[in-house]
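Novice: Residue 45 in numbering that gives the first Met the number 0 sits at position 46 of the sequence shown, and the numbers go up by one each step.
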Amino acid sequence: MKRIIQTLFLLLLSLCFIFPFSLSANSITPPQETDEKVVYLTFDDGPTPKVTEQILDVLKANDVKATFFIVGKEIKGREAILKRIYEEGHGIGLHTYSHNFKIIYKNPESFIMEMEKVKSTINETLGTHLDIKAIRFPGGSAGRLNTKFYNALCAKGYCIYDWNVDLQDGIKGTLPPSTFVKNAKKCQDGRMRRIILAHCNGNNKNTALALNDIITYYKQEGYIFKAIDHTTTPYFYRFKK
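#1: Could you say which of Thr120, Ile134 and Pro175 lies nearest to His128 if we only look at CA atoms?
#2: In this structure, how does DSSP classify Ala197 when only helix, strand and coil are distinguished?
#3: With DSSP as the reference, please indicate the residues paired to Ile69 in a beta bridge.
#4: What's the call for Lys225, buried or exposed, on a 16-neighbour Cβ count within 10 Å?
#5: With DSSP run on the structure shown, which of helix, strand or coil describes Phe20?
#6: Assuming His94 and Lys64 make a contact with CB atoms under 8 Å, what is their CB distance in whole Å?
#7: Helix, strand or coil for Asp43, going by three-state DSSP, please let me know.
#8: Could you tell me the boundaries of the alpha helix (DSSP H) in which Ser265 lies?
#9: How about Cys186 and Asn163: do their beta carbons lie closer than 8 Å?
#10: Do you know how far the Cα of Lys184 is from the Cα of Asp130?
#11: Using a C-beta cutoff of 8 Å, does Glu108 count as contacting chain B?
#12: Please report how far the alpha carbon of Tyr236 lies from the alpha carbon of Leu125, in whole angstroms.
#13: Flag this pair as touching only if the stretch 100-114 and the stretch 72-87 have three or more C-beta atom pairs under 8 Å; answer yes or no.
#14: Look at the alpha carbon of Ile194 and the alpha carbon of Tyr39, and state the distance between them as a whole number of angstroms.
#15: If you check the beta carbons only, do Arg192 and Val50 fall under 8 Å apart?
#16: Using the three-state DSSP reduction, which class does Phe224 fall into: helix, strand or coil?
#17: On the DSSP bridge assignment, give the partners of Asp165 in chain order.
#18: Return the Cβ separation of Val57 and Ala154 in integer angstroms, given the expectation that the two are a contact with Cβ distance under 8 Å.
#19: Under the DSSP definition of a beta bridge, which residues are partnered with Val37?
#20: Taking just the CA atoms, how far does Lys218 sit from Asp212?
#21: Can you find the residues in the same chain that come closer than 7 Å, C-beta to C-beta, to Met112, ignoring five residues on each side of it along the sequence?
#22: Find out if the Cβ-Cβ distance for the pair Phe179, Asp161 is shorter than 8 Å.
#23: When burial is assigned at 16 or more other CB atoms within 10 Å of the CB, is Phe71 buried or exposed?
#24: On the DSSP letters alone, give me the boundaries of the alpha helix (DSSP H) that Pro107 sits inside.
#25: Along the chain, where does the alpha helix (DSSP H) that runs through Cys186 open and close?
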(Lines of atoms letter the chains of each structure in order from A; the text may use other names.)
(Lines give C-alpha, C1' and ligand atoms only; values in the text may rest on other atoms or scores of the structure.)
Protein backbone atom coordinates (compact mmCIF):
# COMPACT_ATOMS: atom_id res chain seq x y z
CA MET A 0 0.00 0.00 0.00
CA LYS A 1 2.83 2.40 0.87
CA ARG A 2 4.45 1.76 -2.50
CA ILE A 3 1.14 2.43 -4.29
CA ILE A 4 0.74 5.76 -2.46
CA GLN A 5 4.30 6.76 -3.38
CA THR A 6 3.67 5.85 -7.02
CA LEU A 7 0.47 7.92 -7.11
CA PHE A 8 2.26 10.87 -5.51
CA LEU A 9 5.01 10.78 -8.13
CA LEU A 10 2.42 10.55 -10.90
CA LEU A 11 0.56 13.61 -9.62
CA LEU A 12 3.81 15.50 -9.26
CA SER A 13 4.78 14.75 -12.85
CA LEU A 14 1.39 15.97 -14.08
CA CYS A 15 2.02 19.32 -12.41
CA PHE A 16 5.08 19.75 -14.60
CA ILE A 17 3.37 18.55 -17.75
CA PHE A 18 0.37 20.87 -17.36
CA PRO A 19 1.49 24.38 -16.39
CA PHE A 20 -2.02 25.68 -15.78
CA SER A 21 -3.20 25.67 -12.20
CA LEU A 22 -6.44 23.76 -11.93
CA SER A 23 -8.87 23.70 -9.05
CA ALA A 24 -12.40 22.46 -8.65
CA ASN A 25 -13.85 25.86 -9.49
CA SER A 26 -11.37 27.91 -11.53
CA ILE A 27 -8.54 28.01 -14.02
CA THR A 28 -5.60 30.40 -13.68
CA PRO A 29 -2.74 31.29 -16.05
CA PRO A 30 0.71 29.68 -15.85
CA GLN A 31 3.15 30.68 -13.14
CA GLU A 32 5.64 33.38 -14.08
CA THR A 33 9.28 34.19 -13.37
CA ASP A 34 10.60 37.20 -11.47
CA GLU A 35 12.15 38.76 -14.57
CA LYS A 36 11.68 42.53 -14.62
CA VAL A 37 10.04 42.86 -18.01
CA VAL A 38 7.34 45.22 -19.21
CA TYR A 39 5.10 44.84 -22.22
CA LEU A 40 3.63 48.05 -23.56
CA THR A 41 0.42 47.21 -25.40
CA PHE A 42 -1.84 49.48 -27.42
CA ASP A 43 -5.41 48.57 -28.32
CA ASP A 44 -7.83 49.60 -31.06
CA GLY A 45 -5.51 50.90 -33.78
CA PRO A 46 -4.27 51.69 -36.25
CA THR A 47 -5.51 55.29 -36.16
CA PRO A 48 -4.07 58.43 -37.73
CA LYS A 49 -1.85 60.83 -35.80
CA VAL A 50 -2.04 59.21 -32.34
CA THR A 51 -0.69 55.82 -33.41
CA GLU A 52 1.98 57.61 -35.42
CA GLN A 53 2.91 59.80 -32.46
CA ILE A 54 3.21 56.71 -30.28
CA LEU A 55 5.43 55.05 -32.87
CA ASP A 56 7.63 58.15 -32.93
CA VAL A 57 8.14 57.99 -29.15
CA LEU A 58 8.84 54.26 -29.22
CA LYS A 59 11.41 54.73 -31.97
CA ALA A 60 13.13 57.59 -30.15
CA ASN A 61 13.46 55.40 -27.05
CA ASP A 62 14.40 52.23 -28.94
CA VAL A 63 11.47 50.39 -27.36
CA LYS A 64 9.31 47.67 -28.89
CA ALA A 65 5.62 47.44 -28.05
CA THR A 66 2.64 45.34 -29.09
CA PHE A 67 -0.36 46.63 -31.02
CA PHE A 68 -3.63 44.73 -30.74
CA ILE A 69 -5.24 45.52 -34.07
CA VAL A 70 -8.93 46.05 -34.85
CA GLY A 71 -9.56 44.92 -38.39
CA LYS A 72 -12.10 47.58 -39.39
CA GLU A 73 -9.59 50.30 -38.52
CA ILE A 74 -7.07 49.16 -41.14
CA LYS A 75 -8.75 50.52 -44.26
CA GLY A 76 -7.22 53.86 -45.18
CA ARG A 77 -4.49 53.39 -42.55
CA GLU A 78 -2.54 50.62 -44.25
CA ALA A 79 0.69 52.63 -44.11
CA ILE A 80 0.45 52.86 -40.31
CA LEU A 81 0.02 49.11 -39.95
CA LYS A 82 2.99 48.57 -42.26
CA ARG A 83 5.07 50.90 -40.15
CA ILE A 84 4.16 48.97 -36.98
CA TYR A 85 5.33 45.78 -38.63
CA GLU A 86 8.43 47.18 -40.31
CA GLU A 87 9.66 48.79 -37.10
CA GLY A 88 9.59 45.44 -35.33
CA HIS A 89 6.63 45.80 -32.99
CA GLY A 90 4.44 42.91 -31.97
CA ILE A 91 1.04 42.49 -33.60
CA GLY A 92 -1.93 40.95 -31.83
CA LEU A 93 -5.57 40.37 -32.74
CA HIS A 94 -8.34 42.45 -31.18
CA THR A 95 -11.26 41.27 -33.35
CA TYR A 96 -12.40 42.73 -36.64
CA SER A 97 -15.50 44.69 -35.59
CA HIS A 98 -14.95 45.34 -31.87
CA ASN A 99 -18.73 44.94 -31.65
CA PHE A 100 -19.47 43.20 -28.36
CA LYS A 101 -22.86 41.84 -29.49
CA ILE A 102 -21.22 40.09 -32.42
CA ILE A 103 -17.94 38.90 -30.97
CA TYR A 104 -19.33 37.51 -27.70
CA LYS A 105 -22.33 35.78 -29.26
CA ASN A 106 -20.54 32.43 -29.07
CA PRO A 107 -17.01 31.00 -29.40
CA GLU A 108 -17.46 30.42 -33.13
CA SER A 109 -18.31 34.07 -33.75
CA PHE A 110 -15.41 35.18 -31.59
CA ILE A 111 -12.92 33.00 -33.45
CA MET A 112 -14.34 34.09 -36.81
CA GLU A 113 -13.66 37.71 -35.82
CA MET A 114 -10.07 36.86 -34.91
CA GLU A 115 -9.52 34.97 -38.14
CA LYS A 116 -10.96 37.87 -40.15
CA VAL A 117 -8.66 40.48 -38.63
CA LYS A 118 -5.66 38.16 -39.06
CA SER A 119 -6.53 37.70 -42.72
CA THR A 120 -6.89 41.46 -43.20
CA ILE A 121 -3.53 42.09 -41.55
CA ASN A 122 -1.79 39.58 -43.80
CA GLU A 123 -3.47 40.90 -46.93
CA THR A 124 -2.33 44.41 -46.03
CA LEU A 125 1.23 43.43 -45.19
CA GLY A 126 1.59 40.85 -47.95
CA THR A 127 2.61 38.27 -45.36
CA HIS A 128 1.47 34.93 -43.95
CA LEU A 129 1.86 35.69 -40.25
CA ASP A 130 0.36 33.05 -37.98
CA ILE A 131 -0.67 35.50 -35.27
CA LYS A 132 -1.77 33.75 -32.07
CA ALA A 133 -1.75 36.63 -29.57
CA ILE A 134 -5.28 37.82 -28.87
CA ARG A 135 -6.95 40.26 -26.53
CA PHE A 136 -10.60 40.30 -25.55
CA PRO A 137 -12.22 43.71 -26.12
CA GLY A 138 -12.97 44.92 -22.62
CA GLY A 139 -10.79 42.15 -21.19
CA SER A 140 -11.57 38.50 -20.55
CA ALA A 141 -13.02 38.98 -17.06
CA GLY A 142 -16.65 37.88 -17.02
CA ARG A 143 -16.42 36.74 -20.64
CA LEU A 144 -13.92 33.91 -20.70
CA ASN A 145 -15.33 30.53 -19.70
CA THR A 146 -14.47 26.90 -20.27
CA LYS A 147 -16.28 26.72 -23.60
CA PHE A 148 -14.47 29.78 -24.95
CA TYR A 149 -11.17 28.70 -23.45
CA ASN A 150 -11.25 25.21 -24.95
CA ALA A 151 -12.23 26.56 -28.37
CA LEU A 152 -9.38 29.09 -28.32
CA CYS A 153 -6.85 26.51 -27.13
CA ALA A 154 -7.88 24.21 -29.96
CA LYS A 155 -6.91 26.98 -32.39
CA GLY A 156 -3.66 27.68 -30.57
CA TYR A 157 -4.60 31.18 -29.48
CA CYS A 158 -2.89 32.82 -26.49
CA ILE A 159 -4.81 35.33 -24.37
CA TYR A 160 -3.22 38.51 -23.04
CA ASP A 161 -5.07 40.61 -20.50
CA TRP A 162 -3.19 43.21 -18.44
CA ASN A 163 -2.13 43.99 -14.89
CA VAL A 164 -1.41 47.70 -15.41
CA ASP A 165 -4.17 49.93 -16.76
CA LEU A 166 -3.55 53.52 -17.84
CA GLN A 167 -7.36 53.93 -17.81
CA ASP A 168 -7.13 55.82 -21.06
CA GLY A 169 -9.72 53.64 -22.77
CA ILE A 170 -12.73 55.39 -21.29
CA LYS A 171 -10.93 58.46 -19.91
CA GLY A 172 -8.73 59.43 -22.81
CA THR A 173 -8.70 63.15 -21.95
CA LEU A 174 -7.16 62.75 -18.49
CA PRO A 175 -3.88 64.69 -18.15
CA PRO A 176 -0.66 62.90 -19.16
CA SER A 177 0.57 63.03 -15.55
CA THR A 178 -2.39 60.86 -14.48
CA PHE A 179 -1.52 58.24 -17.08
CA VAL A 180 2.09 58.21 -15.87
CA LYS A 181 0.84 57.71 -12.30
CA ASN A 182 -1.49 54.90 -13.38
CA ALA A 183 1.35 53.22 -15.27
CA LYS A 184 3.14 52.65 -11.96
CA LYS A 185 0.22 50.74 -10.39
CA CYS A 186 0.25 46.97 -10.80
CA GLN A 187 -3.01 45.28 -9.86
CA ASP A 188 -1.56 41.87 -8.97
CA GLY A 189 1.91 42.74 -7.66
CA ARG A 190 3.72 40.60 -10.23
CA MET A 191 7.14 41.53 -11.51
CA ARG A 192 6.07 41.14 -15.13
CA ARG A 193 4.00 44.12 -16.22
CA ILE A 194 1.57 44.13 -19.13
CA ILE A 195 0.43 47.71 -19.63
CA LEU A 196 -2.92 48.43 -21.24
CA ALA A 197 -2.91 51.62 -23.29
CA HIS A 198 -4.89 52.81 -26.29
CA CYS A 199 -4.13 54.54 -29.56
CA ASN A 200 -7.55 55.84 -30.52
CA GLY A 201 -8.08 59.32 -31.92
CA ASN A 202 -8.82 60.68 -28.42
CA ASN A 203 -5.62 59.27 -26.90
CA LYS A 204 -3.23 62.12 -27.67
CA ASN A 205 -2.47 62.47 -23.95
CA THR A 206 -1.42 58.83 -23.89
CA ALA A 207 1.17 59.65 -26.53
CA LEU A 208 2.31 62.64 -24.46
CA ALA A 209 2.67 60.48 -21.34
CA LEU A 210 4.55 57.67 -23.05
CA ASN A 211 8.07 59.07 -22.80
CA ASP A 212 7.80 59.50 -19.03
CA ILE A 213 6.33 56.01 -18.65
CA ILE A 214 9.26 54.52 -20.55
CA THR A 215 11.76 56.55 -18.53
CA TYR A 216 10.23 55.38 -15.25
CA TYR A 217 10.43 51.69 -16.12
CA LYS A 218 13.95 51.97 -17.46
CA GLN A 219 15.04 53.64 -14.22
CA GLU A 220 13.39 50.79 -12.30
CA GLY A 221 15.55 48.28 -14.16
CA TYR A 222 12.88 46.90 -16.46
CA ILE A 223 13.45 45.74 -20.00
CA PHE A 224 10.86 46.28 -22.70
CA LYS A 225 9.68 43.45 -24.91
CA ALA A 226 7.08 42.89 -27.59
CA ILE A 227 4.69 39.98 -27.17
CA ASP A 228 5.63 37.05 -29.41
CA HIS A 229 5.22 33.26 -29.55
CA THR A 230 7.54 32.83 -26.53
CA THR A 231 5.54 35.13 -24.24
CA THR A 232 3.67 33.40 -21.42
CA PRO A 233 -0.09 34.01 -21.74
CA TYR A 234 -1.77 36.16 -19.13
CA PHE A 235 -5.49 36.00 -18.46
CA TYR A 236 -7.75 36.47 -15.48
CA ARG A 237 -8.92 33.52 -13.45
CA PHE A 238 -12.29 32.22 -14.54
CA LYS A 239 -14.76 29.70 -13.24
CA LYS A 240 -15.16 26.40 -15.01
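Virtual Cβ for every residue (Gly too), placed ideally from N, Cα, C. Treat the numbers as computed from the prediction; the structure is a model and nothing was measured.
Specialist: So, to answer that:
#1: With distances taken between Cα atoms, His128 lies closest to Thr120.
#2: Here Ala197 sits in strand by DSSP.
#3: Answer by DSSP bridge pairing, in chain order: Leu93.
#4: Sixteen is the threshold: when 16 or more other Cβ atoms of the shown chains lie within 10 Å of the Cβ of Lys225, as they do, the residue is buried.
#5: The predicted position of Phe20 is uncertain, since its pLDDT is 37 and thus under 50; no value can be drawn from it.
#6: Not really, about 18 Å apart at Cβ, beyond 8 Å.
#7: Looking at Asp43 - three-state DSSP - the assignment turns out to be strand.
#8: The first residue shown for the chain is 0 and the last is 240, placing residue 265 beyond what the model contains.
#9: Yes, Cβ-Cβ distance for Cys186 and Asn163 is below 8 Å.
#10: Asp130 and Lys184 have their C-alpha atoms spaced approximately 33 Å apart.
#11: Of the protein chains in the structure, only one exists, and it is not chain B.
#12: About 32 Å.
#13: The stretch 72-87 and the stretch 100-114 do not touch, with fewer than three beta-carbon pairs separated by less than 8 Å.
#14: Cα to Cα, the separation comes out at about 5 Å.
#15: The criterion of a C-beta distance shorter than 8 Å is not satisfied by Arg192 and Val50.
#16: In the structure shown, Phe224 sits in a strand (DSSP, three-state: E or B).
#17: BP columns for Asp165 point to Leu196.
#18: Rounded, the Cβ-Cβ distance is 38 Å, inconsistent with contact.
#19: DSSP output for Val37 lists Ile223 as bridge partner(s).
#20: Cα-Cα distance, rounded: 10 Å.
#21: Non-local beta-carbon contacts of Met112 in its own chain, meaning distances under 7 Å to residues more than five positions away in sequence, are absent.
#22: It is not a contact, given that the beta carbons lie outside the stated cut-off.
#23: In the sequence on display, residue 71 carries Gly and not Phe. So Gly71 ends up on the buried side.
#24: Annotation for Pro107: the continuous alpha helix (DSSP H) segment containing it runs Pro107 to Leu125.
#25: Taken as a continuous stretch (DSSP letters only), Cys186 belongs to no alpha helix (DSSP H), as it is neither H nor E.
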